[in-house]
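Numbering (full-length UniProt numbering), first residue to last: 1 to 245. Built from N, CA and C at the ideal position, the CB exists for glycine as well. Remember, predicted model here, so these are calculated numbers, not experimental data. Right, one structure below, let's go through it.
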């Protein structure tokens with residue numbers, strides 16, 4: 001039986017995981033795979049693209065496909081949202097990246113009418129004002145996540161949440177000071193292909209999907225106080241959840 005793109009990708013993946021193909025090393029090109037496996041060029045191309053979409057490889061225009069050097073980010077939702085983190089003045093983001101070099105770029109903070117879906121989630125009137133925090137997170141110089149937070153303007157406009165620097169513990173610590181401490185969170189996730197604008201902003205390689213997460217933060221009495229729309233490069237994240245019954 002003729003080999004499929006999946007068969008070839010499985011073989012290359014095993015070579016990557018065994019260390020035979022080290023980070024930064026060039027993978028066999030389409031002509032080499034065609035010759036080695038006796039398959040059509042399109043099959044060889046799909047095999048390489050499978051590794052790209054899995055985050056194991058990156059394509060460099062005019063050069064070839066290489067084993068990805070960037071190490072995956074493990075996003076542990078339970079850990080990053082725990083009050084013991086932001087309550088002690090640490091950022092939620094630091095729970096994901098530890099000591100790895102990171103930065104926030106392109107930060108914009110402004111007030112605007114709430115989008116319809118955000119107004120519905122925050123239980124606001126149509127077009128009610130929200131404070132918007134739009135930013136891009138980078139790790140080791142590589143953009144990995146875009147995030148836009150929406151918070152009721154009547155609640156936060158006079159606080160540091162409406163400023164670029166929210167202070168120790170970030171937005172959730174400031175909400176707690178306003179008497180609106182988040183104690184429960186709801187996250188909805190879906191995977192999809194990005195728009196061209198999203199591809200450009202996250203510097204995604206061809207064929208790489210994104211994970212879109214909508215998180216709602218709620219107070220003890222169930223009041224929604226933030227909606228955060230996050231867009232993650234699916235090739236660099238591992239999603240981990242700890243669930244107890």
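Taking residue i as part of the alpha helix (DSSP H), name the residues at either end of that continuous run.
i	result
residue 304	Within the shown structure, residues of the chain are numbered from 1 to 245, placing residue 304 beyond reach of any answer.
residue 171	170-177
residue 53	41-53
Considering Cα atoms alone, identify which of the options is closest to residue i.
i	options	result
residue 229	11, 38, 121 and 34	121
residue 92	24, 39 and 166	166
residue 17	135, 51 and 32	51
residue 127	134, 157 and 112	112
residue 247	108, 206, 10 and 109	Any question about residue 247 goes unanswered here, given that the chain covers just 1 to 245.
residue 241	129, 75 and 146	75
residue 62	29, 176, 12 and 11	29
residue 103	109, 68 and 144	144
residue 39	5, 68, 149 and 169	5
residue 226	208, 152 and 193	152
residue 31	25, 24 and 41	41
residue 231	203, 222, 244 and 217	203
residue 146	174, 65 and 200	200
residue 282	2, 27, 23 and 123	In this structure the chain extends from 1 to 245, so residue 282 is not present and cannot be described.
residue 216	234, 183, 244 and 57	183
residue 237	149, 54, 44 and 243	54
residue 129	107, 10 and 162	162
residue 99	43, 140 and 57	140
residue 7	125, 48, 142 and 96	48
residue 107	117, 68, 57 and 133	133
residue 220	185, 233, 110 and 37	185
residue 195	115, 233, 168 and 173	233
residue 105	224, 118, 148 and 135	135
residue 154	66, 123 and 148	123
residue 33	46, 24, 22 and 25	46
residue 131	115, 142 and 138	115
For residue i, which three-state DSSP category applies?
i	result
residue 18	helix
residue 143	strand
residue 33	helix
residue 236	coil
residue 151	strand
residue 12	helix
Got a sec, what are the start and stop residues for the beta strand (DSSP E) residue i sits in?
i	result
residue 256	This structure cannot speak to residue 256, because the chain is shown only from 1 to 245.
residue 60	57-60
residue 76	73-76
residue 106	102-113
Give a single yes or no on whether residue i has its beta carbon closer than 7 Å to a heavy atom of the ligand NAP.
i	result
residue 49	Ligands in the displayed structure: none, and consequently the ligand NAP is not present.
Please go through the region 153-234 and give each complete alpha helix (DSSP H) segment of 4 or more residues, from N-terminal end onward. 153-156, 170-177 and 196-202
State whether the region 194-213 contacts the region 171-181, with contact taken as three or more CB pairs (one from each stretch) at a distance under 8 Å. no
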